[in-house]
Amino acid sequence: MTDWAKRAETYNNLYWVNKSRLNFEMMTAMGAASSSEGNLLDLGCGSGFLIRTLQTYFIRMDYYAIDRSPEMLALTRDRELSLYLRTYCGDMIEQMNEFDPDYFRWVTAKMSLHHTSDVNATFKAVHRILTSDGTFVVCEGIPPNPAALNWFKNMFALKEHRHTFMPLDLLNLFHKHKFHDITLRFAVFPRMRLRNWLENSDLSQDQQALLWEYHQEMPSEIKKAYNFAYDESGDDNDIVLDWRFVIASGRKLKD
Ligand SMILES: C[S@@+](CC[C@H](N)C(=O)[O-])C[C@H]1O[C@@H](n2cnc3c(N)ncnc32)[C@H](O)[C@@H]1O
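Okay, so the sequence shown: first residue is -18 according to the numbering used here, each after it adds one.
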């Protein structure tokens, strides 16, 4: 099981965490305007970068966040978010079940849905706490193409226990849980450095070596899809890859 206390120590060193593109894609999927009012809940908020961005643009909303790790929540305080953010420490499903129904206009989950113990129970809990017409927005990392799915799953199995979602899986989940106006957006982070990810994810030296080797030995067609390359200096000091993400959203039907 992932040790989030340890991961929190270097979490903000991860390049992908501090890129604002995913925050903006999620904001677009929310369909909110700067004058929007209402409660927003972020699931697995981590160090709070999404909330920080949202607060800059949507100043009239009230912000809530759940994370099971006190150490990760402490990072939101480092970002001086605490004055404007109500935080809840615990499992996302259990914590959501504590809220009244129809309480949130928006629920967001950026790179956290893959950690939930029960995906359907999570969607069900989100649906219950959303207001009628409320929106759920999910962002997840995905393989570079469907043919790379098994490689991607096996690679992550070397790192952590988690779910993997293809865009169609998310679409089906939103549909199954009776959301409508479902949208899918995509984002690419080009030339992401493998070492930055390996060195800041609380992995043992053995795990890092295994993941490095697994990347090096990736089948050539997957290398092509990832735009796999060694870094500019031409040696094998680092591997760079294009990482892909999906941003999926859906609205709860009006009563
Ligand atoms: C990959 S991080 C993403 C953090 C943040 N959303 C971001 O984009 O930087 C996943 C976060 O989910 C939290 N988490 C994992 N499992 C959880 C669960 N069952 N309930 C609530 N939070 C959870 C972790 O503590 C961690 O902060």
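Each residue gets a CB set at the ideal place from its N, CA and C atoms; glycine is no exception.
A quick note: this is a predicted structure, and the numbers were derived from the prediction, not measured.
Proximity winner among the options, relative to residue i (alpha-carbon distances)
| i | options | result |
| --- | --- | --- |
| Gly71 | Asp212, Ala129 and Thr97 | Thr97 |
| Pro148 | Arg174, Val118, Met199 and Leu175 | Val118 |
| Gln36 | Ser185, Leu175, Ser50 and Leu21 | Leu21 |
| Ile220 | Leu191, Ser201 and Arg176 | Arg176 |
| Ile47 | Ala13, Gln76 and Phe160 | Gln76 |
| Phe5 | Gln197, Leu54, Phe30 and Met42 | Phe30 |
| Phe241 | Ala14, Asp81, Arg67 and His156 | Nothing about residue 241 can be read from this structure; the chain reaches only from -18 to 236. |
| Arg86 | Asp99, Met73, Met42 and Met53 | Met42 |
| Asn(-6) | Ser16, Ser28 and Thr9 | Ser28 |
Residue i, DSSP secondary structure in three states
| i | result |
| --- | --- |
| Thr164 | strand |
| Glu79 | coil |
| Asp72 | coil |
| Tyr20 | As written in the sequence, residue 20 is Asn, which differs from the Tyr given in the question. In this structure, Asn20 counts as strand in the three-state DSSP scheme. |
| Arg86 | strand |
| Phe209 | coil |
| Pro171 | strand |
| Ile47 | strand |
| Leu56 | helix |
| Leu(-5) | coil |
| Thr37 | helix |
| Arg143 | coil |
| Leu234 | coil |
| Glu(-10) | helix |
| Ala10 | helix |
| Glu194 | helix |
| Ser93 | coil |
| Thr116 | strand |
| Met42 | strand |
| Asp(-16) | coil |
| Leu184 | coil |
| Asp99 | coil |
| Asp150 | helix |
Separation of residue j from residue i, as counted between CA atoms
| i | j | result |
| --- | --- | --- |
| Met7 | Thr89 | 8 Å |
| Glu121 | Phe226 | 6 Å |
| Asn208 | Asn126 | 12 Å |
| Gln189 | Leu179 | 6 Å |
| Asp83 | Met11 | 17 Å |
| Arg(-12) | Asn(-1) | 15 Å |
| Asn131 | Leu151 | 17 Å |
| Leu165 | Ala229 | 5 Å |
| Lys235 | Ile203 | 43 Å |
| Thr68 | Met136 | 32 Å |
| Val107 | Thr9 | 19 Å |
| Leu154 | Asn78 | 19 Å |
| Glu52 | Asp(-16) | 10 Å |
| Tyr211 | Ser201 | 14 Å |
| Asn218 | Ala13 | 43 Å |
| Arg33 | Val169 | 22 Å |
| Val184 | Ser16 | One detail in the question is off: residue 184 reads as Leu in this sequence, not Val. Using only the alpha carbons, I get a separation of about 43 Å. |
| Ala129 | Glu198 | 13 Å |
| Arg58 | His158 | 34 Å |
Check whether residue i and residue j have beta carbons under 8 Å apart
| i | j | result |
| --- | --- | --- |
| Tyr25 | Ser93 | First, the amino acid is wrong: residue 25 is Gly here, not Tyr. Cβ distance < 8 Å, so Gly25 and Ser93 count as in contact. |
| Tyr65 | Tyr38 | no |
| Lys243 | Ser113 | What the structure shows of the chain is the stretch from -18 to 236, and residue 243 is not part of that stretch, so it cannot be assessed. |
| Tyr(-4) | Leu56 | no |
| Asp162 | Gly231 | yes |
| Leu3 | Lys134 | no |
| Thr145 | His95 | yes |
| Asp223 | Arg172 | yes |
| Ala138 | Ser50 | no |
| Ile40 | Phe80 | no |
| Phe160 | Lys233 | yes |
| Ile123 | Ala102 | no |
Check: residue i C-beta below 7 Å from any heavy atom of ligand 3
| i | result |
| --- | --- |
| Thr97 | In terms of ligand content, the structure shown lacks ligand 3 and carries ligand 1 instead. |
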